[in-house]
Amino acid sequence: MFSAATGEVSNIAADSIVLLTDGRPTDGTIESTSITSTIQELNRGRFGIHTIGFGTLVDMPLLTKIAAQNFGTSSQIFIDLNAYAQISNFFETISQPILARPSLNYTENKVARYCPILSDSLMQNGELVTAGTIFPEFVVPQTRKAVTFNTVAFDDFGDTRRGTVTENGVVTPSVIDNLDGRNFAERLFNFLKLKGVLAEMRGTTNRTRETELRQLALNQSLELGFVTPGITSMVVLKPEDIREIENALAAERATTVAPATTTVPATDDVLGRLFTTTPAPSTSGPDRGFVGDPHVIVSLGLQITVCFNWLGRENEVYNLLE
């Protein structure tokens, strides 16, 4: 199929293949890595390959990797959730390419960092978004002023096009001051950087690299407060649920054993002094909680005991691994 269509491919066309399936590989080559590498070798970037999986028995990780490695998009169609609308939306998204392989070039030695374009094609009603920083010596102070713009849209009523509608708008510096625009560029840069990590994770066939990228995406999501599909989740609680959790935490703190102060000796040639610390309470209770600042006492043998602590915050949970 790839070879037969090679002679018809135009250098300026955004040609695509759509792969539809409702199951998993069961005949011939069925190993995911072999399938993805074979498709990449045959395609060699000539086509954008989009994939659609129907139902819950389909191998979506495989379809996602095929699309990610071949400049396509992937979607899973759930039969019981208005499948017609899902399919229509998917084809509307990929059926109107405007630009193929868009790229942005920057002035040499002026841009410190930037996020590359992640899409191989710009679709109708799509957008290209990037963010980054330039070196301080090239920053040019600009005078803030109002920006006037016009929005032109087509007024459609059913199948009848009534003509164009123009709306005028003005954005003034005072309007910007009232918006929460602080550090917007930095947040946008971090958001696009995280999207790049997710895109690489979807496309890689190296299990070790995929694990590293997943951990990197998790760390960035937690640090920046992003809800990332497949990585982090957002839990929405009703006010009464929050109060119930707060009451349960308060009850646990009230039943925790009161702390006592002890002295942990250390050898003079290693630490040279005595450390005062707060021991962990009894773990016989169901909560197994801790009181006071988090601390750890480590026995190194040879009668050497090291105690260290760090500044904890209320209600933080620490997982200690041996």
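The UniProt record's numbering puts the first residue of the sequence shown at 1, with every later residue one more than the last. Beta carbons: idealized from backbone N, C-alpha and C, even for Gly. Keep in mind it's a predicted model, so treat the numbers as computed, not measured.
| Item | Value |
| --- | --- |
| Can you have a look at Q69 and say buried or exposed, based on whether 16 or more other CB atoms are within 10 angstroms of its CB? | buried |
| Could you name the residues of the same chain whose beta carbon sits closer than 8 Å to that of T232, not counting the 5 residues immediately before and after it, in chain order? | L218, S221, L222 and F226 |
| Measuring CB to CB, does L188 end up less than 8 Å from A131? | yes |
| By the DSSP assignment, the alpha helix (DSSP H) with residue 323 in it spans what residues? | The displayed coordinates of the chain run from 1 to 322. Any statement about residue 323 would go beyond what the structure contains. |
| Does the contact criterion of 3 or more C-beta pairs under 8 Å hold for the segment 116 to 127 versus the segment 136 to 143? | no |
| Using 8 Å as the cut-off, can you tell me whether the segment 58 to 67 makes contact with the segment 84 to 93, which would need three or more C-beta pairs spanning the two stretches below that distance? | no |
| Just confirm the distance between the C-beta atoms of I52 and S88, as a whole number of angstroms; I'd bet it's less than 8 Å. | Wrong, their Cβ atoms sit about 12 Å apart, outside the cutoff. |
| Keeping to the same chain, check which residues put their C-beta closer than 6 Å to that of L20; ignore five residues upstream and five downstream. | I52 |
| Would you report the Cα separation of R253 and M201, rounded to the nearest angstrom? | 41 Å |
| Give me the Cα-Cα distance between E31 and T204, rounded to the nearest whole angstrom. | 15 Å |
| For F54, which option in F71, A248, G23 and L216 has the closest C-alpha, if you only look at C-alpha atoms? | G23 |
| Please state whether the Cβ-Cβ distance between L99 and I117 is less than 8 Å. | no |
| Among T148, D15, L57 and T33, which has the Cα closest to the Cα of H50? | D15 |
| Could you check how far apart the C-beta atoms of P25 and I17 are, in whole angstroms? I think they sit under 8 Å. | With a Cβ gap of about 17 Å, P25 and I17 do not count as contacting. |
| Let me know if F78 comes out buried or exposed under the rule of 16 or more other beta-carbons within 10 Å of its beta-carbon. | exposed |
| In chain order, what are the residue ranges of uninterrupted beta strand (DSSP E) at least 3 long that sit wholly in the segment 84 to 158? | 97 to 100, 111 to 114, 121 to 123, 132 to 134 and 147 to 157 |
| Just the Cα atoms here: how many angstroms apart are A67 and T208? | 20 Å |
| Between the beta-carbon of V197 and the beta-carbon of L216, is there less than 8 Å? | yes |
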